[in-house]
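So the sequences go chain by chain: L and R.
The numbering used here numbers the first residue of the first sequence as 1 and each following residue consecutively.
The numbering used here numbers the first residue of the second sequence as 1001 and each following residue consecutively.
Quick reminder that beta carbons are idealized off the backbone N, C-alpha and C, glycines included.
Comments concern the structure below.
There are 2 protein chains.
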Amino acid sequence: MNSATRPTQDTASAPAHDRVYRTLRTRIMHGEITPGAALTLRGIGGEFGVSMTPAREAVRRLAAEGALFLSSSGRVTTPELTNERIEELAALRALLEVELASRALPRAHMALIDRLQTINSNVAEMVSKRDAVGYIRTNLEFHRTLYLRAQAPAMLAMAETVWLQLGPTMRALYGRLRRTDPPQNHRLIIAALKAGDEPGLRLAVRSDVTQGLRLLAG
Amino acid sequence: MNSATRPTQDTASAPAHDRVYRTLRTRIMHGEITPGAALTLRGIGGEFGVSMTPAREAVRRLAAEGALFLSSSGRVTTPELTNERIEELAALRALLEVELASRALPRAHMALIDRLQTINSNVAEMVSKRDAVGYIRTNLEFHRTLYLRAQAPAMLAMAETVWLQLGPTMRALYGRLRRTDPPQNHRLIIAALKAGDEPGLRLAVRSDVTQGLRLLAG
DNA sequence: CGGCGGCTTTTGTGATCACATGAAGGGATG
DNA sequence: CATCCCTTCATGTGATCACAAAAGCCGCCG
């Protein structure tokens, strides 16, 4: 059997449009692209060494997920979110992630909690280094690790879609955030997991998810 | 000004890939395609009189929304949902739509309630005629009309994505459903709206959304 | 000095083609 | 009669091209 005969999940053997899609998706979700930035199909194709065709498919896919905005003439930019939309997406995060955490709770064993604590220390490190992209990445990793235990793939996919839509804006948001405190709400989440305290967990997740979005009210 | 200079929302002047997308989307959401049905890019292109390119874009977009399933080799079919996934999607409907209804409640005036009652009589008619597609269509129209008042476009879009994923399965589901009763839960929703009873509304929406999915447990 | 009109360039759209891959069908063999 | 293999066909992928429309730019005119 050839080594390229794998079920196709590797970054190398995957179709071109999929590689482009995945790379752009991660960039957007981690806030590596500023809101309103313009992308061009030929530019994307050039960067990845492919033609316009796979670039177009990747862009369409991302636009369908709300990660990119397509103007009426087809021009593609990262979305610039209004305050109303940000609040709505925060509400969606609260709805979905509270449910996911709640479903993960009965399955959360010690190994998971250990992993969460390790990730959380990475989060704290990123905060202290003021590394915005690193913070977003590790923070999402923290949440995803917990929610994977919920055994609810459709719900998790939806939560990730919301993260994706918030990606470019989050970067700008946490740029204003001048705190260097380690994430307090993450500790509350871990504590609630240890104690098997479901109401506490729901509250902690809700607080963690909505806290970062409060500052834009002013 | 030319008549084709409109902001591009018309079915005619819109780009080809968008026409294809919208047509397929409606078909899938209304359950006009059975689960597991295979589609081909050349077939779609032939039906709409376009080449493979717009067909591919429409299919990618729909696949990104979960409306279509792409096998590892790229073959495209409507999804065949497992029971676990259906239950999960039902839970998502409950989460999202209860919230949407709750947000619509304070803005629900008499004109809206009248419209809902009109739509509801159409739903009852479809039920009595055993028109599955018509039932799904009018039922979704009932829900969408209510949720539009919530002024929460992102949340509504997410609910529609769930409807889309359930589309092909719903048809098969309501095929087994041998009732000819008019929708009781819709009446409860309307009554709660009239009374301004938020807890009652939440319960009625939750019941309406999850009732149709109970029968697959057996 | 500012607004406006026309030109040029950039960009997305859609069609067509060559290619590789996976599925289906048929025939030979045990 | 079933099974395996090979041929053939259908299908998705990606590149390239022609076209139209939008955006940007520059100079002209008020």
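Here residue 50 of chain L carries a coil assignment [DSSP, helix/strand/coil]. At a C-beta separation below 8 Å, residue 107 of chain L has no neighbours in chain R, since its nearest C-beta there lies roughly 15 Å away. Scanning L/88, L/56, L/109 and L/173 for the CA closest to the CA of residue 162 of chain L turns up L/88.
By the neighbour-count definition (other C-beta atoms within 10 Å, threshold 16), residue 199 of chain L is an exposed residue. Residues of the stretch 1151 to 1171 of chain R whose Cβ lies closer than 9 Å to any Cβ of chain L, in chain order: 1151, 1152, 1153, 1154, 1155, 1157, 1158, 1161, 1162 and 1165. Annotation: residue 101 of chain L has no Cβ neighbours in chain R at a cutoff of 8 Å; minimum Cβ distance is about 13 Å.
Contact check for residue 1185 of chain R against residue 1204 of chain R passes: the beta carbons are separated by less than 9 Å.
Counting along the chain, residue 1168 of chain R sits inside the alpha helix (DSSP H) bounded by residues 1153 to 1176. Selection L/107, L/41, L/97 and L/173 evaluated against residue 75 of chain L yields L/41 as nearest (Cα-Cα). Between residue 198 of chain L and chain R, the shortest Cβ-Cβ separation is not below 9 Å. Closest option to residue 1206 of chain R, judged by alpha-carbon separation, among R/1188, R/1196, R/1044 and R/1020: R/1188. An exposed status is given to residue 1083 of chain R, since fewer than 16 other beta-carbon atoms sit within 10 Å of its beta-carbon.
The Cβ-Cβ distance between residue 95 of chain L and residue 1062 of chain R does not fall below 9 Å. Under the Cβ criterion (8 Å, minimum of three pairs), the stretch 24 to 35 of chain L counts as touching the stretch 128 to 138 of chain L. For residue 192 of chain L, the closest alpha carbon among the candidates L/106, L/144 and L/64 is that of L/106. Your pair residue 1058 of chain R and residue 1109 of chain R does not check out as a contact, with CB atoms roughly 38 Å apart and the cut at 8 Å.
Around the C-beta of residue 1036 of chain R, fewer than 16 other C-beta atoms lie within 10 Å, and the residue is accordingly described as exposed. Here the alpha carbons of residue 1153 of chain R and residue 176 of chain L stand approximately 27 Å from one another. Leaving aside the five residues that flank residue 99 of chain L on each side, the residues in its chain whose CB is nearer than 7 Å to its CB run, in chain order, 155.
By the Cβ neighbour-count rule, residue 117 of chain L is exposed, with fewer than 16 other Cβ atoms within 10 Å of its own.
For residue 1105 of chain R, the three-state secondary structure derived from DSSP is helix. Take residue 1138 of chain R, set aside five residues on each side of it, and the residues of its chain with a beta-carbon closer than 7 Å to its own are 1119, 1122, 1123 and 1126, in chain order. Cβ contact annotation for residue 1149 of chain R (same chain, cutoff 7 Å, sequence separation greater than five): 1104, 1107, 1108 and 1112, in chain order. Pairing residue 1093 of chain R with residue 1210 of chain R gives a Cβ-Cβ distance under 9 Å.
Against chain R, the beta carbon of residue 64 of chain L has neighbours under 7 Å at 1061, 1064 and 1065, listed in chain order. R/1013 is the residue among R/1013, R/1144 and R/1174 whose C-alpha sits nearest the C-alpha of residue 72 of chain L. In the three-state scheme derived from DSSP, where H, G and I count as helix and E and B as strand, residue 38 of chain L is classed as strand. Nearest CB-CB separation between residue 39 of chain L and chain R: not below the 9 Å threshold.
The Cβ atoms of residue 78 of chain L and residue 64 of chain L do not sit closer than 9 Å to each other. Between residue 1015 of chain R and the set R/1053, R/1166, R/1194 and R/1046, the nearest pair of CA atoms involves R/1053. No Cβ of chain R is located within less than 9 Å of the beta carbon of residue 210 of chain L.
Within chain R, the residues placing a beta-carbon under 8 Å from that of residue 88 of chain L are 1152, 1153, 1154 and 1155, ordered along the chain. Pairing residue 60 of chain L with residue 1060 of chain R gives a Cβ-Cβ distance under 9 Å.
Beta-carbon to beta-carbon, residue 1101 of chain R and residue 1070 of chain R are separated by about 34 Å, too far to satisfy the 8 Å threshold. Per DSSP, the continuous alpha helix (DSSP H) segment holding residue 1140 of chain R begins and ends at 1132 to 1148.
Among the residues facing chain L, residue 1057 of chain R is included, as its CB has a counterpart in that chain under 9 Å away.
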